[in-house]
Amino acid sequence: MRSLNIIGAGRVGMTLGHLFVRYEVFNILQILNTQKDRSLMASAFITQGEAITDLHFLKPADVTMLCVPDDAFGSVVDSLIEVNALKRDSILFHCSGAKSSQDLITQNPALLALNLEVASVHPVRSFAEPRIAAEVFKDTICSVEGSDLAQTVLTAAFEKIGAKIIRITAEHKLLYHAGSVFASNYLVTLMDTAIAAYRAAGIDADTASQMAHSLALGSLNNVFKIGTSAALTGPIKRGDMQTVVKQAAQVSAWDQNQGQLYQAFIQPTLNLAKRSTPSE
């Protein structure tokens, strides 16, 4: 069984590490977080791996998994190389949705001298709560790209913990990730805006949340049952553009930023409406 080091065991690292141990995919060697309590918490949840906070104590493993913020990749990998924490000919992969395996090499050309197999694996799932994420991880779609050997090893590893693997290319990584941002991050922002609009109209917080919940779930269910075009409802679908114009002005009067958001959705929704079945 290959050994694995986890660098930055936050919610994603904890979830994956736990699953790798549960399904006997990797032997977790060490878990590195900058804060001792977080390393100890991650080690306890994963149920394996020495909790450390200092790169100088990191022992090279067969596989190294980076779960650090995108902007920290360059400096973290530089430090790993500096303290000889990367084994020659080993596998180095990260779990970023936006960055590709080539970004690791571009930022850290010294990796080439180590002949590392590099890759990225991005699980398309929310990891807000690791314990829940671990229990529902089965059938999670994970995108993989990188060197052939790294993809082969990591595909087998992630399939063993229940993932469904898709292959993508490095050059499409940012656009691919934008889809995830729209489907998850911006959806949350949109729900926050909807609830805020209800509240500004005088509706209490609990009722506002219930209203947004009902509409959002109904719309999402329809999207995945009958498709986006058929699922579209509302004034733009009906052709009530006078309502849309007046509503846009009202939203802007309430909050300029939210007014810009409302305005930004008008043209894309018009385009979608043109693909929809005309309302009767």
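Each residue of the sequence shown is one higher than the last, beginning at 55 in the numbering used here.
Even glycine gets a Cβ: it sits at the ideal position worked out from N, Cα and C.
Bear in mind that the values here come from a model prediction, so they are computed numbers and not experimental data.
Outcome for residue i when other beta-carbon atoms lying within 10 angstroms are tallied against a minimum of 16
i, result
"residue 68", "buried"
"residue 148", "buried"
"residue 299", "exposed"
"residue 240", "exposed"
"residue 266", "buried"
"residue 303", "exposed"
"residue 169", "exposed"
"residue 269", "exposed"
"residue 259", "exposed"
Beta-carbon gap between residue i and residue j smaller than 7 Å
i, j, result
"residue 109", "residue 137", "yes"
"residue 116", "residue 97", "no"
"residue 82", "residue 71", "yes"
"residue 80", "residue 58", "yes"
Nearest-angstrom Cα separation, counted from residue j out to residue i
i, j, result
"residue 251", "residue 141", "54 Å"
"residue 146", "residue 242", "32 Å"
"residue 178", "residue 102", "25 Å"
"residue 308", "residue 255", "10 Å"
"residue 317", "residue 221", "36 Å"
"residue 287", "residue 191", "33 Å"
"residue 295", "residue 245", "23 Å"
"residue 263", "residue 281", "25 Å"
Helix, strand or coil at residue i according to DSSP, with G and I counted as helix
i, result
"residue 61", "strand"
"residue 177", "strand"
"residue 219", "strand"
"residue 146", "strand"
"residue 156", "helix"
*Counting Cβ pairs closer than 8 Å, one from the segment 177–188 and one from the segment 115–132, do we hit at least three?*
Not touching, per the Cβ criterion.
*Does the count of Cβ pairs from the segment 75–94 and the segment 225–241 closer than 8 Å reach three?*
No contact exists between the segment 75–94 and the segment 225–241.
*Cβ contact check for the segment 162–179 and the segment 197–212: 3 or more pairs under 8 Å*: Yes, the segment 162–179 touches the segment 197–212.
*Does the segment 75–85 touch the segment 221–233, meaning 3 or more C-beta pairs lie closer than 8 Å?*
Fewer than three beta-carbon pairs drawn from the segment 221–233 and the segment 75–85 are found closer than 8 Å, and the two stretches are therefore not classed as touching.
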